[in-house]
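Novice: Here the sequence shown is numbered in full-length UniProt numbering, starting from 1 and rising by one per residue.
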Amino acid sequence: MTTTQVLIVGAGPTGLTLGCELARRDIDCLVVDKATRLFPGSRGKGLQPRTLEVFDDLGVLDAVLAAGAPFPSFRMYQGTHVQWTRTLHEMLGIAPLERHHGVPYPDAWLLPQWRTDELLRDRLLELGGRIEMGTELVDFGQDDAGVTATLSRDGTLERVRARYLVGADGGGSFVRKALGVGFEGDTFETERTLIGDVRAEGLTGTYCHILTTGDVQERFSLWSMPGTDYYQFVASMTADEVPELTVAAVQRILDERSGRSDIRLFDLNWISVYRVNVRMVDRFRVDRVFLAGDAAHVHSSAGGQGLNTSIQDAYNLGWKLAAVLSGAPDGLLDTYEDERFPIAAQVLDVTTRSHRRNFRAPDPGEGNPDIFQLKLNYRGGPLAVDMRENPRAVRAGDRAPDAQCAEGRLFDLFRGPHFTLLGFGTDTASVVAEVVRAQGDRVRARVIEPSSASDDSTPTVGSAFRNYDIDPAGPGTLVLVRPDGYIGVVATDPAPVQDYLAW
Numbered sequence: 001m002t003t004t005q006v007l008i009v010g011a012g013p014t015g016l017t018l019g020c021e022l023a024r025r026d027i028d029c030l031v032v033d034k035a036t037r038l039f040p041g042s043r044g045k046g047l048q049p050r051t052l053e054v055f056d057d058l059g060v061l062d063a064v065l066a067a068g069a070p071f072p073s074f075r076m077y078q079g080t081h082v083q084w085t086r087t088l089h090e091m092l093g094i095a096p097l098e099r100h101h102g103v104p105y106p107d108a109w110l111l112p113q114w115r116t117d118e119l120l121r122d123r124l125l126e127l128g129g130r131i132e133m134g135t136e137l138v139d140f141g142q143d144d145a146g147v148t149a150t151l152s153r154d155g156t157l158e159r160v161r162a163r164y165l166v167g168a169d170g171g172g173s174f175v176r177k178a179l180g181v182g183f184e185g186d187t188f189e190t191e192r193t194l195i196g197d198v199r200a201e202g203l204t205g206t207y208c209h210i211l212t213t214g215d216v217q218e219r220f221s222l223w224s225m226p227g228t229d230y231y232q233f234v235a236s237m238t239a240d241e242v243p244e245l246t247v248a249a250v251q252r253i254l255d256e257r258s259g260r261s262d263i264r265l266f267d268l269n270w271i272s273v274y275r276v277n278v279r280m281v282d283r284f285r286v287d288r289v290f291l292a293g294d295a296a297h298v299h300s301s302a303g304g305q306g307l308n309t310s311i312q313d314a315y316n317l318g319w320k321l322a323a324v325l326s327g328a329p330d331g332l333l334d335t336y337e338d339e340r341f342p343i344a345a346q347v348l349d350v351t352t353r354s355h356r357r358n359f360r361a362p363d364p365g366e367g368n369p370d371i372f373q374l375k376l377n378y379r380g381g382p383l384a385v386d387m388r389e390n391p392r393a394v395r396a397g398d399r400a401p402d403a404q405c406a407e408g409r410l411f412d413l414f415r416g417p418h419f420t421l422l423g424f425g426t427d428t429a430s431v432v433a434e435v436v437r438a439q440g441d442r443v444r445a446r447v448i449e450p451s452s453a454s455d456d457s458t459p460t461v462g463s464a465f466r467n468y469d470i471d472p473a474g475p476g477t478l479v480l481v482r483p484d485g486y487i488g489v490v491a492t493d494p495a496p497v498q499d500y501l502a503w
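What follows is the structure, encoded as structure tokens:
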């Protein structure tokens, strides 16, 4: 019988991200997928700024930025006439993010999902992880010590023993169904979506081309995919429309909806038709088995949240699994559901509202900047400890901002599997040193003085104090940043920090 510490079912963005998280912590894991190759389509093409920060930490950001491009503008046509061109931010009804020390990656990034998967796979293999394609999970059972799984490969059955199993096997998850976990929600029965990858002639410019004869309800969209000569096409259809999944059928739909004959499609690489489901599980954990990504929540693609939320699931779960496998109490794993359940519910609401707006310009105040996932937080959760009587704007449970200090970027300090302790003020130096002596390699630290937290405009205050909303004239403040880049503790004495790290 093969053994591993964590068996991950599904080699999509969720499973591959989780594999990277575990492998870089020297946790033995095995990723399996019943498909014989990685997903071939561009489906989940939008990467939000928070996901880029995760990729920075995982060591794949440079490759992601090189392979993709900033989100293009949207161009609406009536026949051959351009009706309008709008930026992503105008479409969302929100102000653009500004690039500054706290937000180093303000742009949503366009990258076909197949390429994201390839980059994550390559990183996982570089870290020493294992991936077995063409390998299907057909059965599993669990006891107090672990999970015994049966895998099928080329008709041959193999048993694998793991401490934990993670179902990252998509919306039709075998793991979820085998657990009997509820998957409540709605299916949009009156509409379907046709999507695929195709090459095209007759279009100019890098846009999301929205082709119509004047009725936005009857549109055909073509997204230029960076790094390739392919476009992703998307067309909403009624439940009664049953197109053939051929390039000729897609061409007919384009011709009818655009009223044009100058755009020609060819070389269909991938195609799918689906109904939009808005559903989520009632549990993310059943003893030693976890659900993540689309196995736990599915929703409309409007707003580009799906792949990003799935990656955040893996990023949250990975460090916790590694910690428990290294001696932390099992209860730490319960916080995965505590933290991710409300986030998933919030994302379902955001995407459903975006879907129903259906390319209508948002009303004033209707836009939601949470779409970039920088404001999503775990405030009030079991791992958010803020000891201040009057917490300020940045609190325990929030994403830890980047900042430029004299010694370098905070994100450079955060990068890796450790906790990070920030001491704001010279008077924190001794307590920071005390924590580091007690915790060893688990904690990296930096004492930040107002004069060392550089900022071109206000050098005596500094971007770190500003980004963390800490008064440089106030008492020394300790900020403990979790391995996943969220603030765990804000306090003025070391006891809460030591208690937090007691395991």
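Glycine included, every Cβ here is placed at the ideal spot set by N, Cα and C.
Give the straight-line distance between the Cα atoms of Pro226 and Pro106, rounded to the nearest whole angstrom.
Specialist: As a position in the sequence shown, residue 226 is number 226, starting the count at 1. As a position in the sequence shown, residue 106 is number 106, starting the count at 1. Distance between the alpha carbons of Pro226 and Pro106 is about 18 Å.
Novice: Identify, in the order they occur along the chain, each residue of the same chain with its Cβ nearer than 7 Å to the Cβ of Tyr274, setting aside the five sequence neighbours on each side.
Specialist: As a working note, residue 274 is residue 274 in the sequence shown. In its chain, beyond the 5 residues on either side, Arg192 and Thr193 have a beta carbon closer than 7 Å to the beta carbon of Tyr274.
Novice: Please classify Gln217: is it buried, with 16 or more other beta-carbons within 10 angstroms of its beta-carbon, or exposed?
Specialist: Start at 1 with the first residue of the sequence shown, and residue 217 comes out as number 217. Burial call: exposed.
Novice: Here's a check: name, in chain order, each residue in its chain whose Cβ is nearer than 7 Å to the Cβ of Ala63, leaving out the five neighbours to either side.
Specialist: Counted from its first residue, the sequence shown places residue 63 at position 63. Leu119.
Novice: Return the CA-CA distance between Leu7 and Thr148, expressed in angstroms with no decimal places.
Specialist: Sequence index remark: in the sequence shown, residue 7 carries index 7 (1-based). Sequence index remark: in the sequence shown, residue 148 carries index 148 (1-based). C-alpha separation (whole angstroms): 10 Å.
Novice: Taking only three categories from DSSP, how would you classify Asp139?
Specialist: On the sequence shown, residue 139 is found 139 positions in, with the first residue counted as 1. Of the three classes helix, strand and coil, the one that applies to Asp139 here is strand, per DSSP.
Novice: Whose C-alpha, out of Leu97, Tyr231, Arg279 and Pro112, is nearest the C-alpha of Ser173?
Specialist: Within the sequence shown, the letter at position 173 stands for residue 173. The option with the nearest alpha carbon to Ser173 is Arg279.
Novice: Would Thr420 and Phe411 qualify as a contact pair, given that the criterion is a beta-carbon distance under 8 Å?
Specialist: As a working mapping, residue 420 is identified with position 420 in the sequence shown. As a working mapping, residue 411 is identified with position 411 in the sequence shown. Not a contact, by the Cβ cut-off of 8 Å.
Novice: Ignoring anything shorter than 4 residues or poking outside the stretch 254–334, list the alpha helix (DSSP H) runs there in chain order.
Specialist: Taking only runs of at least 4 residues, the alpha helix (DSSP H) segments lying wholly in the stretch 254–334 are 306–325.
Novice: Looking only at its own chain, which residues have a Cβ that is under 8 Å from the Cβ of Phe266, when we skip the five neighbours before and after it?
Specialist: Counting from 1 along the sequence shown, the entry for residue 266 is found at position 266. Cβ within range, chain order: Val198, Arg199, Ala200, Glu201 and Val247.
Novice: Quick test of your reading: Leu307 and Gln113, contact by CB under 8 Å. State the CB separation rounded to the nearest angstrom.
Specialist: Counting from 1 along the sequence shown, the entry for residue 307 is found at position 307. Counting from 1 along the sequence shown, the entry for residue 113 is found at position 113. So it is a contact: roughly 7 Å between Cβ atoms.
Novice: Could you check how far apart the C-beta atoms of Gly46 and Leu110 are, in whole angstroms? I think they sit under 8 Å.
Specialist: On the sequence shown, position 46 is the one that residue 46 refers to. On the sequence shown, position 110 is the one that residue 110 refers to. Right, the Cβ-Cβ distance comes to about 6 Å (below 8 Å), so this counts as a contact.
Novice: Report yes or no: do three or more beta-carbon pairs, one from the stretch 157–173 and one from the stretch 293–301, lie closer than 8 Å?
Specialist: yes
Novice: Rounded to the nearest angstrom, how far is the Cβ of Gln373 from that of Arg50, given a contact under 8 Å?
Specialist: Position 373 of the sequence shown, counted from the start, is the residue given in the question as residue 373. Position 50 of the sequence shown, counted from the start, is the residue given in the question as residue 50. Between Arg50 and Gln373 the Cβ distance is about 4 Å, and since that is below 8 Å, they are a contact.
Novice: How big is the Cα-Cα spacing for Thr150 and Leu157?
Specialist: In the sequence shown, counting from the first residue as 1, residue 150 sits at position 150. In the sequence shown, counting from the first residue as 1, residue 157 sits at position 157. Going by the C-alpha atoms only, they are around 7 Å apart.
Novice: If you reduce the DSSP assignment to three classes, tell me which class residue 548 lands in.
Specialist: Beyond the ends of the chain as shown, which are 1 and 503, falls residue 548; an answer cannot be given.
Novice: In whole angstroms, what separates the C-alpha of Cys208 from that of Leu332?
Specialist: Numbered from its first residue, the sequence shown carries residue 208 at position 208. Numbered from its first residue, the sequence shown carries residue 332 at position 332. Approximately 43 Å, taken between the alpha carbons.
Novice: Pick out the complete beta strand (DSSP E) segments inside the stretch 79–134, 3 residues or longer, and give them in chain order.
Specialist: Annotation note: the stretch 79–134 contains the following uninterrupted beta strand (DSSP E) runs of length 3 or greater, listed N- to C-terminal: 81–86 and 130–133.
Novice: At which residues does the alpha helix (DSSP H) containing Thr51 begin and terminate?
Specialist: Taking the sequence shown and counting its residues from 1, one reaches residue 51 at position 51. Residues Pro49 to Leu58.
Novice: With a cut-off of 8 Å, do at least 3 Cβ pairs link the stretch 280–288 to the stretch 328–345?
Specialist: yes
Novice: Under DSSP, the alpha helix (DSSP H) around Gln439 begins and ends at which residues?
Specialist: As a first step, residue 439 must be located in the sequence shown, where it is residue number 439. From DSSP, the alpha helix (DSSP H) with Gln439 extends over Ala429 to Gln439.
Novice: Could you spell out the range, first to last residue, of the alpha helix (DSSP H) harbouring Arg37?
Specialist: For the purposes of this step, residue 37 is identified with residue 37 of the sequence shown, where counting begins at 1. Neither: Arg37 is in no alpha helix (DSSP H) and is coded neither H nor E.
Novice: Less than 8 Å between the beta carbons of Val31 and Gly41, yes or no?
Specialist: Taking the first residue of the sequence shown as 1, we reach residue 31 at position 31. Taking the first residue of the sequence shown as 1, we reach residue 41 at position 41. Cβ distance not < 8 Å, so Val31 and Gly41 don't count as in contact.
Novice: Closest to Gly79 by CA distance: which of Ala11, Leu203, Asp143 and Val138 is it?
Specialist: Within the sequence shown, numbered from 1, the residue matching residue 79 stands at position 79. Taking only the C-alpha atoms, the option nearest Gly79 is Leu203.
Novice: By the 10 Å Cβ neighbour count, where 16 or more other Cβ atoms means buried, how is Asp471 classified, buried or exposed?
Specialist: Taking the first residue of the sequence shown as 1, we reach residue 471 at position 471. Exposed, since its Cβ has fewer than 16 Cβ neighbours within 10 Å.
Novice: Quick one: Cα of Tyr230 to Cα of Ser224, how far?
Specialist: In the sequence shown, the residue the question calls residue 230 occupies position 230. In the sequence shown, the residue the question calls residue 224 occupies position 224. Distance between the alpha carbons of Tyr230 and Ser224: 7 Å.
Novice: Please look up how many angstroms separate the CB atoms of Phe140 and Leu165, rounded, as I've assumed it's under 8 Å.
Specialist: Counted from its first residue, the sequence shown places residue 140 at position 140. Counted from its first residue, the sequence shown places residue 165 at position 165. Yes, Phe140 and Leu165 are in contact; Cβ-Cβ is about 6 Å, under 8 Å.
Novice: Asp493 by DSSP, collapsed to three states: which one?
Specialist: Start at 1 with the first residue of the sequence shown, and residue 493 comes out as number 493. Residue state, collapsed to three classes: coil.
Novice: Val489 and Val385 look like a contact to me (Cβ under 8 Å); what is the Cβ gap, rounded to whole Å?
Specialist: Position 489 of the sequence shown, counted from the first residue, corresponds to residue 489. Position 385 of the sequence shown, counted from the first residue, corresponds to residue 385. Going by Cβ atoms, the distance from Val489 to Val385 rounds to 5 Å, so yes, they are a contact pair.
Novice: Whose C-alpha, out of Val447, Ala464, Ala473 and Leu422, is nearest the C-alpha of Arg482?
Specialist: Within the sequence shown, the letter at position 482 stands for residue 482. That would be Leu422, whose Cα lies nearest to the Cα of Arg482.
Novice: Hey, Ile195 and Gln232 are a contact pair by Cβ (cut 8 Å); roughly how many whole angstroms apart?
Specialist: The count along the sequence shown starts at 1 and reaches residue 195 at position 195. The count along the sequence shown starts at 1 and reaches residue 232 at position 232. At roughly 7 Å, the Cβ-Cβ gap stays under 8 Å, so Ile195 and Gln232 are in contact.
Novice: Give the straight-line distance between the Cα atoms of Arg37 and Pro96, rounded to the nearest whole angstrom.
Specialist: Mapped onto the sequence shown, residue 37 falls at position 37. Mapped onto the sequence shown, residue 96 falls at position 96. Near 37 Å, if we compare the C-alpha coordinates of Pro96 and Arg37.
Novice: Is DSSP giving Phe188 helix, strand or coil here?
Specialist: Indexing the sequence shown from 1 puts residue 188 at position 188. Correct three-state label for Phe188: coil.
Novice: What residue from Leu61, Ala67, Gly68 and Gln48 has the CA that sits closest to Leu88's CA?
Specialist: One-based indexing of the sequence shown puts residue 88 at position 88. Nearest C-alpha to Leu88: Gln48.
Novice: In angstroms with no decimal places, state the Cα-to-Cα distance between Ala502 and Ser300.
Specialist: Start at 1 with the first residue of the sequence shown, and residue 502 comes out as number 502. Start at 1 with the first residue of the sequence shown, and residue 300 comes out as number 300. Spanning the two alpha carbons is a distance of roughly 41 Å.
Novice: Which of helix, strand or coil does DSSP assign to Ala200?
Specialist: As a first step, residue 200 is located in the sequence shown; it is residue number 200 there, counting from the start. Assigned with DSSP and collapsed to three states, Ala200 falls in strand.
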